[in-house]
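Residue 1 is where the sequence shown starts when you use UniProt numbering, and the numbers rise one by one after that.
Glycine included, each C-beta is placed from N, C-alpha and C at the ideal position.
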Amino acid sequence: MKILRVILIIFAITSLSAQSIVIRHDKSDEEYLNSTDAIEAHVTFTTSTKDGDFVVGSGTYVGNSWVLTAAHVANFFEENDVAQIKSERLKILDILLHENWKDRQYGFDIAMVKIEMPSGDIAPVTLFALEPEKDDVITIAGRGDTGTGMDGITSRDLKMRVAQNKIEEIKGQWLSFSFSAPEDGALENEGIGGGGDSGSPAYIIDKGTIHLVALSSWQDTEATNWKEGFYGAIDYYTYLNHYRDWIESHLDDNKPCAKHQNFMF
């Protein structure tokens with residue numbers, strides 16, 4: 001069972017691009033590590049291994065013990081996995097995968113995860129109060145694999161990095177953007193997803209309000225010879241406004257989830 005899980009995690013990381021942050025090659029890592037735009041509601045899901053914690057994915061705490069994340073992340077959870085908010089490690093209690101999501105297929109990549117109630121206050125994020133548009137600047141964040149647009153993914157250190165990018169398209173259930181090289185008009189702290197942190201948020205900070213708009217899902221690497229994290233790669237995030245009815249129908253629900261049959265604690 002453990003061997004099967006490792007195989008599935010590897011599939012998720014390589015095919016569904018588990019978005020951590022890859023940075024510009026001409027910028028210092030400290031600029032991304034020390035960003036003031038990191039949010040308290042960022043959740044990191046980890047599992048314990050003989051070599052220490054392994055990042056399974058990320059999500060965003062939206063209140064009432066609920067975390068929004070990618071379905072292909074939540075599908076891998078096991079009994080000893082935990083949700084970490086700031087420095088607090090919390091049990092995963094239940095999961096709800098979108099009923100139309102199917103493993104190893106794109107689309108409907110969204111899940112709600114019930115966790116233990118955090119002991120401290122978490123600065124809230126706002127849902128559905130903003131309609132993002134093409135060319136809006138978004139903030140992305142994550143832990144896990146990192147590197148630069150010139151060298152691709154080179155390391156994993158579990159440190160939180162925060163970057164910006166510009167929305168190129170919102171179409172149906174997807175919000176997408178690409179990784180531009182400096183000479184192609186990249187933003188000052190532009191970045192894109194790497195691997196090891198699917199479900200991480202994309203958000204817009206407007207007048208002090210954090211608007212959660214999307215969750216990382218997969219990366220199109222055709223333009224980079226199928227290598228993640230290089231200039232020219234395109235990230236696809238699950239667009240939350242597309243799933244507003246589904247999310248709102250469960251946010252205030254304290255009943256056990258109708259979770260998928262293989263999830264057994």
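Short Cβ contact (8 Å threshold) for residue i with residue j
i: Ala111; j: Ala70; result: yes
i: Glu116; j: Leu93; result: yes
i: Gly57; j: Asp197; result: yes
i: Leu158; j: Val55; result: yes
i: Ser178; j: Tyr236; result: no
i: Ala233; j: Ala223; result: yes
i: Ile205; j: Thr139; result: yes
i: Leu240; j: Arg161; result: no
i: Ser20; j: Gly172; result: no
Buried or exposed (CB count within 10 angstroms, at least 16 for buried), residue i
i: Leu251; result: exposed
i: Thr36; result: exposed
i: Glu228; result: buried
DSSP state of residue i mapped onto helix, strand, coil
i: Tyr203; result: strand
i: Leu187; result: coil
i: Ile210; result: strand
i: Tyr231; result: coil
i: Thr36; result: coil
i: Arg244; result: helix
i: Ala71; result: helix
i: Thr221; result: coil
i: Leu127; result: strand
i: Asp197; result: coil
i: His250; result: helix
i: Asp29; result: helix
i: Ser15; result: Residue confidence for Ser15 is low, a pLDDT of 42 falling below 50, so the modelled location carries little weight; the figure read from the coordinates is stated next. Ser15 falls in the helix class under three-state DSSP.
Cβ-based neighbour list, residue i, same chain, cut-off 8 Å, excluding 5 preceding and 5 following
i: Glu133; result: Ile167, Ile170
i: Glu88; result: Pro118, Ser119, Gly120
Spatial neighbours of residue i in its chain, beta-carbon cut-off 6 Å, leaving aside the 5 residues before and after
i: Phe108; result: His98, Asn100, Trp101
i: Ala41; result: Thr60, Tyr61, Ile122, Val125
i: Lys27; result: none
i: Val137; result: Gln164, Lys166
i: Arg244; result: Phe128
Residue i Cβ short of 7 Å to the ligand ZN heavy atom set
i: Leu130; result: For the ligand ZN, the structure offers nothing, since it holds no ligand at all.
Cut-off 7 Å between Cβ atoms - residues of its own chain near residue i, not counting five sequence neighbours on either side
i: Ala181; result: Gly149, Tyr231
i: Ala129; result: His211
i: Asp135; result: Lys166, Ile167
Residue closest to residue i, alpha-carbon to alpha-carbon, out of the options
i: Val62; options: Thr224, Glu222, Ser200; result: Ser200
i: Gly142; options: Ile153, Glu131, Trp174, Gly195; result: Gly195
i: Glu79; options: Gly144, Val213, Thr46; result: Thr46
i: His242; options: Ile39, Ala38, Glu131; result: Glu131
i: Val113; options: Leu90, Asp103, Tyr106; result: Leu90
i: Glu248; options: Thr209, Gly191, Val67, Gln219; result: Val67
i: Arg104; options: Tyr32, Asn75, Trp226, Ile85; result: Asn75
i: Phe22; options: Ile153, Gly208, Phe77; result: According to the sequence as given, residue 22 is Val; it is not Phe. That would be Ile153, whose Cα lies nearest to the Cα of Val22.
i: Thr49; options: Asp81, Asp220, Trp218, Tyr106; result: Asp81
i: Ser216; options: Tyr203, Ile39, Asp184, Phe77; result: Tyr203
i: Ile192; options: Gln173, Thr221, Gly208, Gly172; result: Thr221
i: Gln219; options: Gly185, Tyr106, Ala186; result: Tyr106
i: Thr209; options: Ala38, Arg24, Glu31, Trp246; result: Ala38
Proximity test, Cβ basis, 8 Å: residue i and chain B
i: Ala223; result: Although the question refers to chain B, the structure presented lacks it and comprises just one protein chain.
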